[in-house]
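To start, the structure itself, in structure tokens.
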Amino acid sequence: MTKIRWTSGILAQKQREYTTMRVPLSGRITSEQMDKMADIAERDGKGIVLLTIRKSIEIPWIKYDQSLKVQRELQQAKLEIGSCGRSVRTVVRCASTGRCPFEVIDVEKKYQEITDRYYGKSTPTKFKTSVSGCANACANPYINDFGIVGKAHPRIDFSKCDKCYKCVEACKGGVFATEDGIPEVEGAITQEAITIGEDGMPRIDYDKCIDCGWCISNCPPGALGAERVGYGIYVGGRGGRYPKFAHEVARFVSEVELFRILEGTIEYFRKFAEGRERLVLVLERLGIEHYKEHVLKED
Ligand code: SF4
Ligand code: SF4
Ligand code: SF4
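Given below as structure tokens:
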């Protein structure tokens, strides 16, 4: 019988004659792929699948000697098993994928680029990455080794402003109709970063602003625009037994900077981790300033 590597995406069960197949999806699956997984679960498992916290699907109760056959069948449906062991794990994305009204970056594109460049690369122990399309941060960037949040920095063109003050309401989490007859969209933030100045014009307090971009989407004449679109970066978080929030290491960077910092963080992790330390422990031992010195500082 072929010996299976447990780090390959075929997981050991406590019932030793059975395995669980892990299919990393990051929350997106076609209807045909769902049918295929349902067929396999029905035929080779116990008719159930499990949804993981990282938006993958696992099919449990596959007989050990059927695992490789099932893997091949999944591959034919463009479903690769994996996301195990000492490597860059599945990149988790928020559920935006081009349809969420709050999205300010192209989540799907960023997810794909990061996956193509880094998924499966060797690291001292697991390295988890997450991409959220806006400051609402639905993909839990703060409990990942590397969290990314899309940001849109607002700027008002006063010559176009008609003093409707919808931006003021938007920044308080106000409710707006999108089109006649279409349900309203409620803002998710309550920042109150926009107030009305003595001249009657709206004013943005950039110390309070979190660059969510919601005021921009809700300015009827387009007086509010995104001066810059970029990324917030959070490093060294984790969930699990000893949860820890990540450090905000960059509040707003360009796409080029994002990849420089991601690449640098993986190199830093490889260089300074002792044994199977998670990044969070490396940062606790060496300090966040050590990380910044090695990764953020430009030559
Ligand atoms: S993080 Fe923002 S863009 Fe992504 S699903 Fe949540 S609200 Fe939508
Ligand atoms: S929503 Fe736009 S037009 Fe209305 S007050 Fe704000 S900036 Fe001016
Ligand atoms: S981008 Fe800033 S000012 Fe605009 S709604 Fe968000 S927090 Fe408020």
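Here this note's numbering is used: the first residue of the sequence shown is 2, the next is one more, and so on.
We treat Cβ as the ideally placed atom computed from N, Cα and C, and that holds for glycine.
These figures come from a predicted structure and were not determined experimentally.
The stretch 98-109 and the stretch 129-143 touch, with no fewer than 3 CB-CB distances between them shorter than 8 angstroms. With respect to the C-alpha of D206, the residue from I262, D200, E193, D45 having the closest C-alpha is E193. For A39, no beta strand (DSSP E) run applies; the uninterrupted alpha helix (DSSP H) run containing it begins and ends at 32-45, by DSSP.
Taken through DSSP and simplified to helix, strand or coil, A96 comes out as coil. Unbroken alpha helix (DSSP H) runs of no fewer than 4 residues, entirely contained in the stretch 87-135, are found at 108-119, following chain order.
Y166 and A42 have their C-alpha atoms some 54 angstroms from each other.
Separation of the CB atoms of S57 and T91 is rounded to 6 angstroms, and the pair is thereby assigned contact status at 8 angstroms. For H154, there is no enclosing alpha helix (DSSP H); the residue is part of the beta strand (DSSP E) that begins and ends at 147-157. The beta carbon of F246 sits no closer than 7 angstroms to any heavy atom of ligand 1. Distances taken from the Cβ of A140 to the heavy atoms of ligand 3 include none shorter than 7 angstroms. Per DSSP, E264 is one residue of the alpha helix (DSSP H) stretching across 256-273.
From the listed residues A13, P155, P61, the smallest Cα separation to G226 is found for P155. A direct Cα-to-Cα measurement between Y112 and V93 gives close to 8 angstroms. Under the DSSP assignment, A171 falls in the alpha helix (DSSP H) whose first and last residues are 167-172. Exposed is the label assigned to G198, since fewer than 16 other Cβ atoms lie within 10 Å of its Cβ.
The Cβ atoms of G28 and A96 sit closer than 8 angstroms to each other. In this structure D146 is in contact with L280, their Cβ atoms being roughly 5 angstroms apart against a cut-off of 8 angstroms. Here DSSP, grouped into helix, strand and coil, assigns P61 to strand. Between R87 and T53, the CB-CB gap reaches or exceeds 8 angstroms. Distances taken from the Cβ of P61 to the heavy atoms of ligand 3 include none shorter than 7 angstroms. Where L280 is concerned, the enclosing alpha helix (DSSP H) starts and stops at 280-287.
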